[in-house]
Structures are given as structure tokens and as C-alpha cells.
Amino acid sequence: MAVHAASLETIHAVVEEVSQVVIGQTPLIQKLLIALLADGHVLLEGAPGLAKTQLISALGKATGGSFRRIQLLPDLMPSDVTGTLIYHPEEHQFQMQKGPILDTHFLLADEINRTPPKVQAAFLQAMQEREVTIGTQTFPLFDPFIVLATQNPIEEEGTYPLPEAQLDRFLFKLIVEYPDAVDELRMLDMPVLDRRDPLSDMQVVTSPEQLIALREDIKGTIHVSEQIKRYIVAIARATRYPERVAGLQDLRGRIRLGASPRGGTMNLRKACRVHAWMQGRTYVMPDDVKAIAPDVLRHRLILDLRAEREGLGPEEVVRWILEKVEIP
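Residue numbers (numbering that gives the first Met the number 0): 0 to 327.
1) If you follow the alpha helix (DSSP H) that V41 is in, where does it begin and where does it stop?
2) Tell me the rounded alpha-carbon separation between T238 and Q119.
3) If you run the structure through DSSP and keep just helix, strand and coil, what is F169?
4) Measuring alpha carbon to alpha carbon, tell me which residue in D38, Q29, T52 is nearest L198.
5) How about F144 and K30: are their beta carbons less than 8 angstroms apart?
6) Excluding five sequence neighbours on each side, which residues of the same chain lie with their C-beta closer than 7 angstroms to the C-beta of M0?
7) Could you check what DSSP says for Q96 in three-state terms: helix, strand or coil?
8) Check M0 in the structure and name its three-state DSSP category.
9) What runs of the beta strand (DSSP E), each 3 residues or longer, lie entirely inside the region 43–120?
10) Going by Cα to Cα distance, which pick from G48, Q94, P99, L58 is closest to Q70?
11) Is it true that the CB of W319 sits closer than 8 angstroms to the CB of L210?
12) Tell me, which residues are paired with I133 by DSSP?
13) Pull up the DSSP beta-bridge partners for A275, would you.
14) Between the C-alpha atoms of R299 and L192, what's the straight-line distance to the nearest angstrom?
15) Which one or two residues does DSSP pair with H222 in a beta bridge?
16) For the region 284–294 against the region 177–191, do three or more pairs of beta-carbon atoms, one drawn from each stretch, fall closer than 8 angstroms, so that the two count as touching?
17) From which residue to which residue does the alpha helix (DSSP H) around T25 run?
18) Can the beta-carbon of G45 be found closer than 8 angstroms to that of V175?
19) For the alpha helix (DSSP H) that contains R305, what are its first and last residues?
20) Under the assumption that R129 contacts L147 (Cβ atoms under 8 angstroms), give the Cβ distance between them as a whole number of angstroms.
21) May I ask you to verify whether the region 222–242 touches the region 264–280, counting CB pairs closer than 8 angstroms and requiring at least 3?
22) Would you call S65 buried or exposed, if buried means 16 or more other Cβ atoms sit within 10 Å of its Cβ?
23) In whole angstroms, give me the CA-to-CA distance for R168 and Q150.
24) Whose C-alpha, out of A258, A275, A233, L256, is nearest the C-alpha of I326?
25) Give me the Cα-Cα distance between V204 and A164, rounded to the nearest whole angstrom.
26) Of the choices L7, R261, V244, whose alpha-carbon is the least far from that of L166?
27) For the alpha helix (DSSP H) that R255 lies in, which residues bound it at each end?
28) What does the alpha-carbon distance come out to for the pair G263 and L106?
29) From A57 to T158, what does the alpha carbon distance come to, in whole angstroms?
30) In this structure, what does DSSP give as the bridge partners for Q150?
31) Is I326 helix, strand or coil by DSSP?
32) Please work out which residues of its chain come closer than 8 angstroms, Cβ to Cβ, to A275, disregarding the five sequence neighbours upstream and downstream, and give them in chain order.
33) May I ask you to report which of helix, strand or coil DSSP gives I227?
34) Suppose you measure from the CA of E16 to the CA of D249; what does that come to, to the nearest Å?
35) If you draw a straight line from the C-alpha of G257 to the C-alpha of V324, how long is it?
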């Protein structure tokens with residue numbers, strides 16, 4: 000069965016539309032769409048001034064989805080995210096005041112590591128179960144629904160590192176890089192970027208309903224062979240037991256926590272399916288796994304202090320694992 004050309008053209012059109020207002024970030028835009036079509040969430044790490052908010056807002060507009068932004072601060076409460084029940088004495092009853100998480104497709108959690116753990120935890124149920132419980136009532140979230148959380152790569156005073164349980168809820172951790180010199184020069188020649196609302200001329204390319212249909216179609220039509228499944232499992236297990244893989248013995252004792260079956264194995268498979276589809280194929284290849292694995296794994300590896308002292312980071316560990324794990 001061939002990949003539906005019209006659907007693929009639609010996604011490429013979304014990339015093109017967003018690229019008109021976010022310059023030099025085409026690979027990042029493509030990976031955000033992979034996460035969206037894989038029904039996952041994304042942790043974005045990058046310095047200020049790299050148009051992360053504009054990128055996510057533009058993605059929402061091009062796909063016909065709604066966009067909300069929460070600036071996460073130390074004094075924020077969980078109810079500021081999810082909503083709360085407010086008592087009205089004149090009516091002798093509680094009324095629901097919805098939080099921003101309940102009425103959006105794209106939720107930007109800006110600087111998530113600046114808010115305390117109790118607020119970070121408010122995202123957990125929503126990200127995993129796609130619903131929020133307030134009092135005795137449970138409210139379903141929009142579909143599609145994606146949390147895009149940003150954090151500054153420089154650890155500063157007043158930040159709260161995300162716990163492992165929350166990190167595991169993110170399909171990808173993506174690094175937002177600076178644009179190259181050519182793209183930075185292009186920015187100076189684009190009047191649209193000087194407008195108060197640079198997104199005003201953007202076109203709606205698709206709809207949330209079309210994205211849902213496409214997501215389900217990819218699940219059912221993109222084939223993952225037994226060979227690829229074994230390859231994915233071997234990579235995930237190498238993050239837990241590196242000493243069992245030829246050439247990775249030096250990593251023994253340097254990885255304190257590897258990728259879980261849910262966070263590593265399952266997420267890698269579903270992201271690889273979308274990556275293969277975006278390449279115009281109906282089957283997953285080892286190259287899809289290698290292309291996606293760093294984004295799925297980099298935030299799931301907790302390294303030992305010895306690795307940190309040696310200057311060994313998750314990026315190097317994942318690269319090493321991909322070099323040494325053999326394709327079955």
C-alpha cells in the first residue's frame with residue numbers, strides 16, 4: 000500500500016507555511032509534526048530569542064488548532080493550569096473555571112523548570128491520560144493535544160529540574176539550535192518578521208480532524224518488521240545493560256537509569272512509524288530508528304556522577320550505543 004501523496008503534501012505544506020515566519024528551523028518543525036502525528040509531547044531546550052513561542056503558535060495556526068501559552072513561575076498554583084471550582088454564595092453552588100490546559104490543542108508550557116514540582120505534576124495526568132480531574136469531575140482534553148514545554152539549557156538559581164516521571168511523559172527532547180549565518184541574514188530581509196503580528200498572513204493548511212485521521216492511518220498502515228522491532232528493543236536494552244553489548248563495556252556503571260519499555264521502546268516505535276511515513280515509505284528502516292533515537296532517548300538517560308566527571312553526556316552515550324548495537 001502506497002503512502003497517500005495528498006496527505007504527505009499537506010504535511011509538507013504545513014512545514015513550508017511555518018517556515019515562512021520561523022526561519023532556519025525546518026528540521027525542528029518536521030520533528031514537532033512527527034511528535035504531533037505520533038500523539039506525543041515535546042520538551043524544547045534552547046536559549047532565549049530562538050522564536051520557540053512563535054514557532055508553536057505558527058504550527059497551531061497552520062494546522063487549524065488552538066494555541067495557549069502558560070508562563071510558568073515559582074508562585075503558580077496547579078489550579079492555574081488545570082482550573083478550579085469557585086463557590087458563588089448568591090447561587091449557593093460551585094462553578095467551574097477552566098484552566099488553559101482544557102481548551103487548546105497546542106499548549107506551550109514556557110520555562111517549565113521555573114515552576115515547583117506540584118505544578119509540574121499538574122501536567123502528568125493531562126499528558127498521559129488526556130483528561131483532567133477537578134473535584135469529582137473529569138474533563139477530556141482537545142484532540143489532538145500536545146504539550147510543548149520549554150526550558151533554558153543553563154541551570155540557574157530558582158529552577159526545579161524535572162523529575163524522571165515527568166521527563167518520561169515527553170516523546171521527544173529537542174534541542175533548538177541557532178540558525179546559520181545565511182538564515183540569520185534572511186531574517187533581516189523579511190518585513191513580515193517586523194510586524195506586531197507576524198502570523199497575520201499565514202494560511203490554514205489542514206485541520207485537527209484531518210490530523211486525527213492521518214494519525215490513525217499511520218498507525219494502521221506503516222509496517223514495523225520483526226527485524227526492526229528487535230533492533231529497537233536492543234537499543235533500549237543497551238541503555239540499561241551496556242556491559243552486555245560488545246564495545247559498550249566502558250559504559251558500565253556510568254548509566255544510572257536507562258530508557259523504560261514505555262518511554263524508550265514503545266515511543267521509539269511509534270515515532271519511527273511517522274518518520275518513515277514522512278519519507279514516503281510504508282515501512283520502517285534502520286535509518287528511521289537511527290534518525291529518531293537521539294530525540295527519544297536523550298532525556299531518558301540519567302548518568303552517574305562518574306560519567307559527569309568524565310564529561311560524558313547523554314548525547315555521546317546515545318551516539319555510542321547507535322554505533323555499537325548491531326542491526327539484527
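Even for Gly, the Cβ is constructed at its ideal location relative to N, Cα and C.
Let me lay it out:
1) No alpha helix (DSSP H) contains V41, which is instead part of the beta strand (DSSP E) from 41–44.
2) 26 angstroms
3) coil
4) T52
5) no
6) Confidence is the limiting factor: at M0 the pLDDT is only 49, short of 50, which leaves the residue's position unreliable and the question unanswerable from this model.
7) strand
8) At M0 the pLDDT is 49, less than 50, meaning the model places this residue with poor confidence and gives no usable figure here.
9) 66–70, 82–87, 92–97, 105–109
10) P99
11) no
12) Q136
13) Beta-bridge pairing links A275 to no other residue.
14) 36 angstroms
15) Y282
16) no
17) 25–36
18) yes
19) 304–308
20) The pair is not a contact, with the Cβ atoms about 15 angstroms apart (cut-off 8 angstroms).
21) yes
22) exposed
23) 15 angstroms
24) A233
25) 35 angstroms
26) R261
27) No alpha helix (DSSP H) holds R255; the beta strand (DSSP E) holding it covers 254–256.
28) 23 angstroms
29) 28 angstroms
30) E44
31) coil
32) I221, T281, Y282, V283, M284, D287
33) helix
34) 46 angstroms
35) 15 angstroms
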